[in-house]
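Take a look at the structure below.
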Amino acid sequence: MVKRILLSGVAGAVVYFVWQMLTWMVIQLHGPTVSKLPDETAIRDELVSQNIESGVYVVPFGNDDEDMMDPDSEFMKRHKAGPIFAIYYHKEGLEPMSMSVLGIGLLTDFFGAAIAASMLCCALGGCCCRTYLQRVGFVTALGVFLALMGHVAYYNWMHSTFTTRLCSSSMSLSAGFSSVL
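Note that UniProt numbering numbers the sequence shown so that position 28 is 28, with each residue one more than the last.
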């Protein structure tokens, strides 16, 4: 059974990895989802002049929960008026589509496909889900799958920081785990 799951992981990773490449480079399915700024150089220069650290920045930014809950706060006014945006900022720069990014992408796809294959095995009653703890493990695996295929994959391709990936992934893991408690 383990051998079949690992083979499914390899096959699934290759198929999904190739599909991702096709959707970005051949079909250009993502063309409408990522746009060039009208004056990229001016915005880049302004961000560099701010000397900010690598990370994710959102505008508008609420200072605390009170700002976000008060309908009359400056945050709420700015949020309603717009614009709303996020910046994934990597101060040091990176080589585009380096071997490490592609390798992490393929490895992420493998683990995602292997988890999906394991969950299919469990759903068929072949190897788990007989006890409560096994069912908790099954749903927690769903959280791991979501973290890998959503947050880890996205932040790998978009070059976000490790801290951002870790925090976002932990949310998916806790959602999967807490849904059965």
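Idealized CB from N, CA, C, for every residue including glycine. Small disclaimer: the values here were computed from a predicted structure and weren't measured.
Grab me the residues of G12's own chain with a C-beta within less than 8 Å of its C-beta, minus the 5 sequence neighbours each way, in chain order. D109, F110, G112, A113, A114, A116, A117
Can you give the Cα-Cα distance for M1 and F61, rounded to whole angstroms? 49 Å
Tell me the residue span of the alpha helix (DSSP H) that contains G62. Note, G62: premise wrong, no alpha helix (DSSP H); not H, not E.
Pick from Q50, G55, R4, F85: whose alpha carbon is nearest that of V34? F85
Cβ shell of E53 (< 7 Å), same chain only, five flanking positions each side left out: K91
Could you tell me which residues DSSP puts in a beta bridge with G55? Y89
State the DSSP-derived secondary structure class of residue 213, mapped to helix, strand or coil. Residue numbering for the chain in the displayed model covers 1 to 181; residue 213 lies beyond these limits and cannot be assessed.
Could you pull the start and end residues of the alpha helix (DSSP H) that K80 belongs to? 74-81
Leaving aside the five residues before and after H79 along the sequence, list all residues of the same chain whose C-beta is less than 6 Å from its C-beta, in chain order. P60
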